[in-house]
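The structure under discussion appears below in the form of structure tokens.
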Amino acid sequence: MFIKTALLVLRKDFAIEAKSLEIFSTTLFFAVGCVLVFAFALVKQGQAPPDVAAAILWIAILFAGTLALGRTFERERYGETIRALLLAPAPRPALYVGKLLGICCLLGLTEALLVPLVALLFAAPLFERLLLFVPLLLSGTLGFAAVGTLFAAMLMRARTRDVMLPILLYPITIPVIIGGVRGTSALLASPADEATAIMWLAITLTFDVVFITLALWTFEPLMTE
Amino acid sequence: MDFQSVHLTDVSRHFGRRRALSKVSLALTAGDIVGLLGPNGAGKSTLIGILSTLVAPSTGYVRYGDRTAHDGGSSLRGRIGLLAHELHLYAELTARQNLSFAAELYGLDPKAAVPPALERAGLVDRADDQVAGFSRGMRQRLALERSLLHSPRLVLLDEPFTGLDDRSVLTVSARLRHLAETGAIVLVATHDLDLADGLVTRVALMRDGRLLSDEPAAAGLRARYRSVVGH
Chain A
9 MFIKTALLVL RKDFAIEAKS LEIFSTTLFF AVGCVLVFAF ALVKQGQAPP DVAAAILWIA
69 ILFAGTLALG RTFERERYGE TIRALLLAPA PRPALYVGKL LGICCLLGLT EALLVPLVAL
129 LFAAPLFERL LLFVPLLLSG TLGFAAVGTL FAAMLMRART RDVMLPILLY PITIPVIIGG
189 VRGTSALLAS PADEATAIMW LAITLTFDVV FITLALWTFE PLMTE
Chain B
543 MDFQSVHLTD VSRHFGRRRA LSKVSLALTA GDIVGLLGPN GAGKSTLIGI LSTLVAPSTG
603 YVRYGDRTAH DGGSSLRGRI GLLAHELHLY AELTARQNLS FAAELYGLDP KAAVPPALER
663 AGLVDRADDQ VAGFSRGMRQ RLALERSLLH SPRLVLLDEP FTGLDDRSVL TVSARLRHLA
723 ETGAIVLVAT HDLDLADGLV TRVALMRDGR LLSDEPAAAG LRARYRSVVG H
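So the protein lines, in turn, are chains A and B.
The number in the working numbering is simply the position in the first sequence, starting from 1, with 8 added.
The number in the working numbering is simply the position in the second sequence, starting from 1, with 542 added.
Structural data, given as structure tokens:
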């Protein structure tokens with residue numbers, strides 16, 4: 009029942025997004041815009057400064073992800089559909105997992121377009137160590153989305169939700185963001201420092217487990233009015 | 543789980559310093575159609591929120607048969623049908639998709655549950671149209687069927703007649719009577735005293751978060767409402 013409910017919520021969110029492409033297009037536009045601004049500012053005569061690609065990639069993911077989180081729950085607020093979800097005889101943490109999977113898929117699609125763009129504009133060898141880079145990217149995204157999904161759901165009825173979401177989200181997700189940036193930097197160094205990247209990957213995975221466990225534990229009480 | 547009655551005992555609810563409900567005690571039994579009547583801000587929607595288990599009371603408790611909302615958990619939620627003022631529909635999805643999603647959430651087979659619901663809502667011809675293009679009345683009928691899809695024991699309806707034409711009002715009224723006859727507990731919050739008169743079997747009158755009266759329905763509902771509520 010748990011997995012079925014989570015997949016049901018995911019499928020419903022995809023059906024809505026497939027019709028409107030509203031969140032995907034705004035998230036992608038924002039992320040690409042962010043990377044282009046940095047490229048215009050930092051790339052001089054075709055040469056990007058060293059060690060900036062990792063930071064720019066993660067800043068774009070962070071900002072675009074925050075935008076996507078807010079919009080996803082705005083849909084559930086409209087028509088109060090979140091109440092219908094909460095009233096269903098399904099395990100409430102499954103609703104959280106469904107929403108989390110949706111956000112992760114959306115950010116994954118955005119990253120699939122963002123990574124080649126950053127690699128191209130900043131001459132970053134992001135594709136040279138994919139076996140380490142992809143897990144690092146996914147674990148960082150998962151940790152960020154795990155906390156973000158919980159806070160976005162929690163703040164859905166708050167009038168100041170757009171202001172409060174980044175204020176609450178960024179300080180708590182700093183460990184996974186630092187892990188993502190430092191791990192990616194280690195992979196982009198010349199020569200690549202795989203041992204350091206693996207250490208940061210382990211740290212972000214640990215935070216993922218902690219964040220998801222806490223979110224599953226607290227989602228139901230936080231959503232009761 | 544199943545239950546034949548719902549009892550509220552001294553239920554109060556505060557939102558910050560504002561008191562939305564004050565020591566409400568009420569018993570609802572199977573076969574009842576209870577009209578919850580009162581002016582704006584009387585606490586009707588808060589009471590429905592508490593009965594639906596979505597809002598926790600600040601003090602007091604609600605028992606569904608011999609269990610509380612906490613004891614009942616998801617199996618209790620599966621026996622409650624809620625039609626709120628906001629209709630709980632996804633505007634981007636079609637009528638069929640909205641009902642199918644609800645059916646699957648409640649563990650029903652959409653192929654068996656959705657077509658009769660579309661027929662009852664009078665939306666067979668518009669089943670594959672986006673809800674965003676529906677009139678308020680069409681949305682209301684769809685939302686009502688969505689809330690009744692799983693044959694709930696406790697049916698909570700907040701202004702169910704909003705936007706409905708005369709024919710739809712008669713259809714919905716007949717549906718509510720049938721639900722009560724088949725053992726459901728039906729609670730209808732409405733401002734429309736003319737529609738409530740003749741439909742409800744009991745009347746609960748509220749004002750300023752307090753339950754002023756809980757009595758069997760009788761002729762002359764409007765006069766009774768004015769004498770008790772005073773508006």
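Quick reminder that beta carbons are idealized off the backbone N, C-alpha and C, glycines included.
None of the values given here were measured: they were computed from a predicted structure.
Problem set entry | CB contact below 8 Å: A:L150 versus chain B | no
Problem set entry | Nearest-angstrom Cβ-Cβ length linking A:V43 and A:L125, presumed shorter than 8 Å | Contact holds; Cβ gap of about 6 Å.
For this session: Within 10 angstroms of the Cβ of A:W225, are there 16 or more other Cβ atoms? Answer buried if so, exposed if not.
Result: Taking every protein chain shown into account, the CB of A:W225 has fewer than 16 other CB atoms within 10 angstroms, so this residue is exposed.
Problem set entry | A:L95: contacting residues in chain B (beta-carbon distance under 8 Å) | S594, T595, L596, R619, I622, L624
Exercise. How many Å lie between B:S600 and B:L550 at the Cα?
Worked result: 13 Å
For this session: Could you work out which residues of chain B lie near A:T13, taking near to mean beta carbons separated by less than 8 Å?
Result: L647, listed in chain order.
Problem set entry | Boundaries of the beta strand (DSSP E) in which B:P758 is found, first to last residue | Counting along the chain, B:P758 sits inside the beta strand (DSSP E) bounded by residues 752-758.
Exercise. In three-state terms, what does DSSP make of A:V43?
Worked result: helix
For this session: Grab me the residues of A:R169's own chain with a C-beta within less than 6 Å of its C-beta, minus the 5 sequence neighbours each way, in chain order.
Result: L163.
Exercise. Closer than 8 Å, CB to CB, is B:L635 near chain A or not?
Worked result: Residue-level contact by beta carbon holds for B:L635 and chain A, with a gap shorter than 8 Å.
Problem set entry | Coil, strand or helix - B:Q532 by DSSP | Any property of residue 532 of chain B remains undetermined from this structure, which presents chain B solely from 543 to 773.
Problem set entry | Test: A:T89 CB closer than 8 Å to a CB of chain B | yes
Exercise. At a cut of 8 Å, does the region 179-199 of chain A reach the region 214-225 of chain A through at least three beta carbon pairs?
Worked result: Yes, the region 179-199 of chain A is in contact with the region 214-225 of chain A.
Exercise. Is the CB of B:Y603 under 8 Å away from at least one CB in chain A?
Worked result: no
For this session: Determine, using beta carbons only, whether A:L65 and A:F152 come nearer to each other than 8 Å.
Result: Taking 8 Å as the Cβ cut-off, A:L65 and A:F152 do not qualify as a contacting pair.
Problem set entry | Straight-line Cα distance separating A:P99 from A:F227 | 11 Å
Exercise. Going by Cα to Cα distance, which pick from B:L660, B:T571, B:I622, B:L635 is closest to A:L95?
Worked result: B:I622
For this session: Tell me the start and end of each unbroken beta strand (DSSP E) in the region 40-109 of chain A that is at least 3 residues and wholly inside, in chain order.
Result: DSSP runs (the beta strand (DSSP E)) wholly in the region 40-109 of chain A: none.
Problem set entry | Residues in the region 29-60 of chain A having any Cβ partner in chain B nearer than 7 Å | none
Exercise. Do the region 715-723 of chain B and the region 566-584 of chain B make contact, defined as three or more Cβ pairs closer than 8 Å?
Worked result: Yes: at least three Cβ pairs fall under 8 Å.
For this session: Let me know if A:T221 comes out buried or exposed under the rule of 16 or more other beta-carbons within 10 Å of its beta-carbon.
Result: exposed
Problem set entry | Min CB distance B:E701 to chain A below 8 Å | no
Exercise. Which bits of chain A does B:F643 rub up against, with CB to CB less than 8 Å?
Worked result: L16, K20
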